[in-house]
Amino acid sequence: MQTYQRIRRKKVAEINVVPYIDVMLVLLIIFMAVTPVITQGVKVDLPQAESEQLPEDAKPPFIVSVNTDGEYVIKAGEAEDEPVPSGTPEAMQQYITEKAMGYLAINQNAPVVVAGDKSVRYEEVILLMVALKKAGVPQVGLMTDPVN
Numbered sequence: 001m002q003t004y005q006r007i008r009r010k011k012v013a014e015i016n017v018v019p020y021i022d023v024m025l026v027l028l029i030i031f032m033a034v035t036p037v038i039t040q041g042v043k044v045d046l047p048q049a050e051s052e053q054l055p056e057d058a059k060p061p062f063i064v065s066v067n068t069d070g071e072y073v074i075k076a077g078e079a080e081d082e083p084v085p086s087g088t089p090e091a092m093q094q095y096i097t098e099k100a101m102g103y104l105a106i107n108q109n110a111p112v113v114v115a116g117d118k119s120v121r122y123e124e125v126i127l128l129m130v131a132l133k134k135a136g137v138p139q140v141g142l143m144t145d146p147v148n
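Going letter by letter, the sequence shown gives residues 1 to 148 in the UniProt record's numbering.
In structure tokens, the structure reads:
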């Protein structure tokens, strides 16, 4: 009588990475499609007023924008928009004034402008302007849209 011996195969402990690669490619495609939709900067609906344009030879301005949600964004010259870290109003004003003074140390006589959305509380814009003046900014202007 013949006996049969079973052939034992070793079990291989491997991770199948193909599904993970598929998921990563789908996520990459989603991020590539969504990225152009995301707009840079902050949406500020400026009030309209008759005003003068900055002269062509003027240095790039230091702009502090305040949107309807009370979020502050700094645009220092040609640099990218920089959101101000949230915190107490005093801490945010301190951060903005330090950035403004640093910018003015490099770009002397550059204009400093506050761009407040027309629906922002008047108090927020004034407190920011006062903080900039107390920090030593020689002139602080308000940004407006020209009247059509």
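Where a beta carbon is used, it is the ideal one built from N, C-alpha and C, also for glycine. Here the structure is a predicted model, which means the values were calculated and not measured.
Listed in chain order, the non-local C-beta contacts of Ile-21 below 8 Å within the same chain number zero, local neighbours out to five positions each way being set aside.
Per DSSP, Gly-116 lies in no alpha helix (DSSP H) segment; the continuous beta strand (DSSP E) that holds it begins and ends at 112-116. Under DSSP, Ser-65 forms a beta bridge with Val-73 and Ala-115. Here DSSP, grouped into helix, strand and coil, assigns Asp-145 to strand. For Lys-99 and Thr-35, the gap between their C-alpha atoms comes out near 29 Å.
The C-alpha of Val-64 is placed about 13 Å away from the C-alpha of Leu-127. By the neighbour-count definition (other C-beta atoms within 10 Å, threshold 16), Leu-27 is an exposed residue. Beta-bridge pairing by DSSP links Val-140 to Val-112.
Beta-bridge annotation (DSSP): Glu-98 is not paired with any residue. Here Val-66 is buried. Its C-beta has 16 or more other C-beta atoms within 10 Å. In the structure shown, Glu-80 falls within a coil segment according to DSSP collapsed to helix, strand and coil. About 4 Å separates the beta carbon of Gly-116 from that of Val-125, a gap short enough to meet the 8 Å contact definition. A distance below 8 Å separates the beta carbons of Val-84 and Tyr-72.
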